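Asker: Quick one: the structure is below, questions incoming.
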Amino acid sequence: GYAASNVLSKHYFEDVTEFAIADGYQVKMIYLSYDGYGNYKVLFRTSTFTGTIVMDAAFWGDYEYVAFNISSIPSSDLSGVLDTLPGQFSFTRTAMTFTSGYWNSGATEITTGDTTFIKQYAASNPIPRTFIPAGTIITIEAGYKVKVIFLSYSSETGYKVEFRTGDNTGELLLTDAMYKEYQYIAFNISQTTANIDESGNLDTMEAKMVFSMFDEAIVDHVDAALSFTTGYYEDNKTAITTGDTAFIKGFAASNVLSKDYFAGKASVEVAAGYQVRVVFLAYDHNTYTVVYRTANLTGTIIMDAAFWANYEYVAFTISSVPSSDLSGVLETLPALLTFVDEV
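Numbering-wise (this note's numbering), the sequence shown opens with residue 693 and increments by one.
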């Protein structure tokens, strides 16, 4: 009849003013201490609350860590609906804030300065993933592009950029595979036209992104015959990078295939004069996300347990050596990969 949340720090809620519990549910706040060695101890439990709870100084007192016990009204078995319980909490945050500058790879703070290059960017404050979870759809205003920044946080060293996506325009779905184990997210935003000064427009930046939630019916992956389209896969991207440039047309990206599709196959032979990157993907929210790409490979690629590791989906980016335009010969490319049966 009960479900207990993970433990979260006061810092995690620094931009949250209140939260509401969905009708039909109630919670107890659990305040804990932490010894720095992975051990939490319950110090105090509140009575049961419903409705809206203000997260002010009185809420926190001298406590630094909190968790929640949730139960339904009337009581019911929650063990089969654990994935739905975070959605019973609605958090109200202060507005996202932007600083002139950008989050760089591996950075522990926003890069700022008075140069034209720096002032074309605006960087948001870090936001816990609870408030922009996997399944969030970000619609980006026309004329703007966004890099999604994934960060870690520790009380000793603060924030650190762990990964940045490439530039995104239009619509972007945040998947579980993109988030990995990262707990914080931020954004670099700029115009698609380079070197436009945004330092005077920081208050308008949040409005350039509209957030909504994925609500489509889940569609199972279906394997099809190997085929190729002009373009290539990029790390952590959810779509093939395509275009009409000579560089892009030097690559072709395959459709996504499951591990089951290759049952009984021992290896893949890449034709002479060509190279491939093997692209491993995850699938959630009806979306494929690139989670790992190999270096360029030639010759024989062994498809054993080490090849697959924990991956369930694979694709290929192929190019010629030396580089040439593949956009006019896409239908010939599947024949350049020969899948060899196990003996």
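Glycine is no exception: its CB is placed at the ideal position from the N, C-alpha and C atoms.
All figures in this text were calculated on a predicted structure; none of them were measured in a lab.
Please list the segments of the alpha helix (DSSP H) lying wholly inside the stretch 839–890, counting only runs of 4 or more residues, in order along the chain.
Answerer: 868–871
Asker: For M905, does the count of other Cβ atoms within 10 angstroms reach 16, so buried, or fall short, so exposed?
Answerer: For this step, residue 905 is matched to residue 213 along the sequence shown. Counting Cβ neighbours within 10 Å, M905 comes out exposed, since fewer than 16 surround it.
Asker: Could you say which of I713, V948 and A909 lies nearest to F781 if we only look at CA atoms?
Answerer: For the purposes of this step, residue 781 is identified with residue 89 of the sequence shown, where counting begins at 1. With distances taken between Cα atoms, F781 lies closest to I713.
Asker: Just reading off the beta strand (DSSP E) that F760 is part of, what are its end residues?
Answerer: Position 68 of the sequence shown, counted from the start, is the residue given in the question as residue 760. Run containing F760: Y757 to S764, per the beta strand (DSSP E) assignment.
Asker: Classify G793: buried if its beta carbon has 16 or more other beta carbons within 10 angstroms, exposed otherwise.
Answerer: Taking the sequence shown and counting its residues from 1, one reaches residue 793 at position 101. The residue in question, G793, is buried, as its Cβ has 16 or more Cβ neighbours within 10 Å.
Asker: If I follow the unbroken beta strand (DSSP E) through F906, where does it start and stop?
Answerer: Numbered from its first residue, the sequence shown carries residue 906 at position 214. It is not in any beta strand (DSSP E) - F906 carries neither H nor E in the DSSP assignment.
Asker: So if DSSP puts I802 in a beta bridge, which residue, or which two residues, is it bridged to?
Answerer: In the sequence shown, the residue the question calls residue 802 occupies position 110. Note: I802 sits in no beta bridge, so no partner.
Asker: Between the alpha carbons of D707 and A878, how many angstroms are there, rounded?
Answerer: As a first step, residue 707 must be located in the sequence shown, where it is residue number 15. As a first step, residue 878 must be located in the sequence shown, where it is residue number 186. Cα to Cα, D707 sits roughly 13 Å from A878.
Asker: Under 8 Å by Cβ, that's how I've got T1053 and G850 pegged, so tell me the actual separation to the nearest angstrom.
Answerer: Nothing can be reported for residue 1053, as the shown portion of the chain is limited to 693 through 1035.
Asker: Check whether the stretch 806–820 touches the stretch 828–838, taking contact to mean three or more Cβ pairs, one atom from each stretch, closer than 8 Å.
Answerer: no
Asker: Is it true that the stretch 716–726 meets the stretch 853–868, where meeting means three or more beta-carbon pairs spaced less than 8 Å apart?
Answerer: No, because fewer than three Cβ pairs between the stretch 716–726 and the stretch 853–868 fall closer than 8 Å, the two stretches do not touch.
Asker: Taking the alpha-carbon positions, what's the D996 to F741 distance?
Answerer: Position 304 of the sequence shown holds residue 996. Position 49 of the sequence shown holds residue 741. The straight-line gap from Cα to Cα measures roughly 53 Å.
Asker: Quick one: measure Cβ to Cβ for Y871 and F903, integer angstroms, because I've assumed they're closer than 8 Å.
Answerer: Position 179 of the sequence shown, counting from 1, holds the residue named residue 871. Position 211 of the sequence shown, counting from 1, holds the residue named residue 903. Not really, about 15 Å apart at Cβ, beyond 8 Å.
Asker: Report yes if the C-beta distance between Y757 and Y729 is below 8 Å; otherwise report no.
Answerer: As a first step, residue 757 is located in the sequence shown; it is residue number 65 there, counting from the start. As a first step, residue 729 is located in the sequence shown; it is residue number 37 there, counting from the start. Taking a C-beta distance under 8 Å as the contact criterion, Y757 and Y729 do not qualify as a contact pair.
Asker: Comparing alpha-carbon positions, which option in Y694, Y975, L735 and G743 lies nearest S768?
Answerer: Along the sequence shown, one-based indexing puts residue 768 at 76. Per the Cα distances, Y694.
Asker: If we ignore side chains and look at the alpha-carbon of each, how far apart do F1057 and M747 end up?
Answerer: Residue numbering for the chain in the displayed model covers 693 to 1035; residue 1057 lies beyond these limits and cannot be assessed.
Asker: Going by DSSP, which residues form a beta bridge with P820?
Answerer: On the sequence shown, residue 820 is found 128 positions in, with the first residue counted as 1. Bridge partners of P820: Y876.
Asker: Report yes or no: do the stretch 813–825 and the stretch 879–895 share at least 3 C-beta pairs separated by less than 8 Å?
Answerer: yes
Asker: Starting from T808, trace the alpha helix (DSSP H) in both directions and tell me its first and last residue.
Answerer: For this step, residue 808 is matched to residue 116 along the sequence shown. First-last of the alpha helix (DSSP H) with T808: T808 to K811.
Asker: Excluding five sequence neighbours on each side, which residues of the same chain lie with their C-beta closer than 8 Å to the C-beta of R821?
Answerer: To locate residue 821, count along the sequence shown from 1; it is residue 129. Excluding its 5 nearest sequence neighbours in each direction, R821 has C-beta neighbours in its own chain below 8 Å: Y871, Y874, Q875, Y876 and I877, listed in chain order.
Asker: Among the residues of its own chain, which have a CB less than 6 Å from the CB of T986, if the five just before and after it don't count?
Answerer: Start at 1 with the first residue of the sequence shown, and residue 986 comes out as number 294. Here the set comprises R969 and V970.
Asker: List in chain order: all unbroken beta strand (DSSP E) runs of 3+ residues lying wholly within the stretch 958–1027.
Answerer: 966–976, 979–985, 992–994 and 1005–1012
Asker: Report, in whole angstroms, the separation of the C-beta atoms of Y924 and T1009, which I expect to be a contact under 8 Å.
Answerer: Numbered from its first residue, the sequence shown carries residue 924 at position 232. Numbered from its first residue, the sequence shown carries residue 1009 at position 317. So it is a contact: roughly 5 Å between Cβ atoms.
Asker: Could you tell me which of W795, K837 and F823 sits nearest to R856, measuring between CA atoms?
Answerer: Residue numbering aside, residue 856 sits at position 164 when the sequence shown is read from its first letter. Considering only alpha carbons, the answer is W795.
Asker: Could you compute how far the alpha carbon of E710 sits from the alpha carbon of Y732?
Answerer: On the sequence shown, position 18 is the one that residue 710 refers to. On the sequence shown, position 40 is the one that residue 732 refers to. Their backbone Cα atoms lie some 24 Å apart in a straight line.
Asker: Select from D952, L700 and G805 the residue whose C-alpha is nearest the C-alpha of Y1107.
Answerer: A question about residue 1107 goes unanswered here, because the residues of the chain that appear run from 693 up to 1035.
Asker: For G779, decide whether its Cβ has a neighbour in chain D, counting only Cβ atoms nearer than 8 Å.
Answerer: As a matter of chain content, chain D is missing from the structure shown, which is built from one protein chain.
Asker: Does F736 pass the burial test, meaning 16 or more other C-beta atoms within 10 Å, or should it be called exposed?
Answerer: Numbered from its first residue, the sequence shown carries residue 736 at position 44. With fewer than 16 other Cβ atoms inside 10 Å of its own Cβ, F736 counts as exposed.
Asker: For the alpha helix (DSSP H) holding A750, just list the boundary residues, first then last.
Answerer: By one-based count along the sequence shown, residue 750 stands at place 58. Element bounds for A750: A749 to W752.
Asker: Just list the residues that DSSP pairs E710 with in beta bridges.
Answerer: Start at 1 with the first residue of the sequence shown, and residue 710 comes out as number 18. Answer by DSSP bridge pairing, in chain order: V746 and T784.
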